[in-house]
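Those sequence lines, one after another, are chains E and L.
So in our numbering, spot 100 of the first sequence is number 116, and the numbers just go up one at a time.
So in our numbering, spot 4 of the second sequence is number 20, and the numbers just go up one at a time.
Cβ atoms here follow ideal geometry from the backbone N, Cα and C, with glycine treated the same way.
Number of protein chains: 2
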Amino acid sequence: MNIGEAAKASGVSAKLIRYYESIGLIPEAGRTGSGYRVYGPNEVNVLRFIKRARTLGFGIERIQTLLGLWQDRDRASAEVKRVALEHVAELEAKIAELTAMSDTLRHLADCCHGDDRPECPILRDLAEAEGVGPPCRHG
Amino acid sequence: MNIGEAAKASGVSAKLIRYYESIGLIPEAGRTGSGYRVYGPNEVNVLRFIKRARTLGFGIERIQTLLGLWQDRDRASAEVKRVALEHVAELEAKIAELTAMSDTLRHLADCCHGDDRPECPILRDLAEAEGVGPPCRHG
DNA sequence: GCTTGACCTTCCAATCACTGGAACCCTCAT
DNA sequence: ATGAGGGTTCCAGTGATTGGAAGGTCAAGC
Numbered sequence: 017m018n019i020g021e022a023a024k025a026s027g028v029s030a031k032l033i034r035y036y037e038s039i040g041l042i043p044e045a046g047r048t049g050s051g052y053r054v055y056g057p058n059e060v061n062v063l064r065f066i067k068r069a070r071t072l073g074f075g076i077e078r079i080q081t082l083l084g085l086w087q088d089r090d091r092a093s094a095e096v097k098r099v100a101l102e103h104v105a106e107l108e109a110k111i112a113e114l115t116a117m118s119d120t121l122r123h124l125a126d127c128c129h130g131d132d133r134p135e136c137p138i139l140r141d142l143a144e145a146e147g148v149g150p151p152c153r154h155g
Numbered sequence: 017m018n019i020g021e022a023a024k025a026s027g028v029s030a031k032l033i034r035y036y037e038s039i040g041l042i043p044e045a046g047r048t049g050s051g052y053r054v055y056g057p058n059e060v061n062v063l064r065f066i067k068r069a070r071t072l073g074f075g076i077e078r079i080q081t082l083l084g085l086w087q088d089r090d091r092a093s094a095e096v097k098r099v100a101l102e103h104v105a106e107l108e109a110k111i112a113e114l115t116a117m118s119d120t121l122r123h124l125a126d127c128c129h130g131d132d133r134p135e136c137p138i139l140r141d142l143a144e145a146e147g148v149g150p151p152c153r154h155g
C-alpha cells in the first residue's frame, strides 16, 4: 500500500499522513527501493484512530497520549477517561464562551431595526460597551 | 499619548496596536520627532471598539467592515445587522459542532468504568467508530 | 554628565493543524 | 518515447496574537 491508497483507506489525506509522520505522531513508514512510503493494515488503523479522535476535537498532543494508551494492554481505563474528560471540560468552556458571544450579539441584533436608518444598537454597544443603554422590547 | 498609554487607555496591548496598524486595520499613527507613535482620544476609541468586537468573536475582516459602517453617518442599520447575523450564524455553527463532540465524548466517558481495568468504551469508539457497540446503562 | 531603568522601535519566530504549490522523481500504459 | 498520474521534499501561508532579541529614547537621580 502506498500513501495514496493508505489515504483512501483511512480517510486521512496523503499530505496529512506525511505531516503526522513529520511531527512524530506516527512512526516513520517503511519505504520501497525508490523511496515510496509503504503502509499496511495496522498503519491504516492507527490513521483511522487519529482521524476519529480529531473529529472529536482532540488535539495532537492528547492523541499521542490516547494512542499510547490504546497500544498499552495494561492501561487503566481511568487514565483514558481522565484524558477524555479534560477534553470535554475544554470543549464546554469553549462552548460557554461562544454561547455568551452569540447570545449577546443575538440580543443586540434583535434590538436593531435593520432598516435604512443609521441608528444601531449593535454599533452603540461596540462603541460604548459600558452600561446597557436604553432598553429595547426584546430585552 | 504614546503607545503604552494608549494601550492602558484602550485595553489593547501595545504589541497588538502595532499589529493592527501593520495589517491596516487602523491607520498609521502619527510620530514624534524620535519615532514614537502618538495617539489621541479618537484613536483610543477606535481601539476600544476593536477590542469589544474581538470580545464578541468578530474576525478582523468583519471588524474592518464594522469600523467602516461605524464611521459612516449614512449607513443603514440593516447593513450592520446583516454583518452581525452572519457572525452569529458562524458562532452557532461552531457551537453545534463543539456540542456534538462534547455530547459524544461525555456519553462515552459515562460508559467508561474509569478503574484499573483496560477495557474502555472511549478507546473502543476511537478504534472502531462504526456501529455503537454494546449498549451501556448511560445510553 | 552619566547611569539606570522603563519605555519605545523593528524584525523574526512560534503558536495549531493543516493546506497549497513548486520542482522534481517514479511507474505504468500506450 | 511519451504522457498521465502517482510519489518525493521543502517552503509558505492561514488568524490573531504573543514572545523575544537588538537597539534607540526619555526622565529621574546621583
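Annotation: the continuous alpha helix (DSSP H) that includes residue 19 of chain E extends over 19-26. No residue range can be given for residue 135 of chain E, since it is assigned to no alpha helix (DSSP H) and is classified by DSSP as neither H nor E. Distance from the Cα of residue 50 of chain E is smallest, within the candidate group E:105, E:68, E:18, for E:18.
Nearest to residue 129 of chain L by alpha-carbon distance, out of E:66, E:102, E:95, E:41, is E:95.
Going by DSSP, residue 115 of chain L is part of the alpha helix (DSSP H) stretching over 93-127.
Within chain L, no residue has its beta carbon less than 9 Å from that of residue 47 of chain E; the closest one is some 27 Å off. By the neighbour-count criterion, in which a residue is buried when 16 or more other Cβ atoms sit within 10 angstroms of its Cβ, residue 97 of chain L is buried.
Residue 59 of chain E counts as buried, since at least 16 other C-beta atoms from the protein chains shown sit within 10 angstroms of its C-beta. Below the 8 Å Cβ cutoff, chain L contributes no neighbours of residue 43 of chain E, its closest Cβ being approximately 18 Å away. The alpha helix (DSSP H) runs of length 4 or more contained entirely in the stretch 43-102 of chain E are, from start to end of the chain, 57-71, 76-86. Distances from the CA of residue 25 of chain E to each of E:54, E:112, E:63, E:40 were compared; the closest alpha carbon is that of E:63. Taken atom to atom, the span from the alpha-carbon of residue 70 of chain E to that of residue 136 of chain E is near 41 Å. The beta-carbon distance between residue 32 of chain E and residue 76 of chain E, rounded to whole angstroms, is 11 Å. This is too long to meet the 8 Å contact definition. If you draw a 10 Å sphere on the C-beta of residue 88 of chain E, you find fewer than 16 other C-beta atoms in it, and that means exposed. Here residue 139 of chain L is not near residue 103 of chain E, since their CB atoms are 8 Å or more apart. When the Cα atoms are used, residue 44 of chain L and residue 106 of chain L turn out to be separated by approximately 31 Å. Chain E places a beta carbon closer than 8 Å to that of residue 130 of chain L, counting this residue as a contact. At a C-beta separation below 7 Å, residue 117 of chain L has these neighbours in chain E: 72, 73, 107. The beta carbon of residue 134 of chain L falls within 8 Å of a beta carbon belonging to chain E, placing the residue at that interface.
Between the alpha carbons of residue 55 of chain L and residue 34 of chain L lies a distance of about 12 Å. When rounded, the separation of the alpha-carbon atoms in residue 65 of chain E and residue 142 of chain L is 5 Å.
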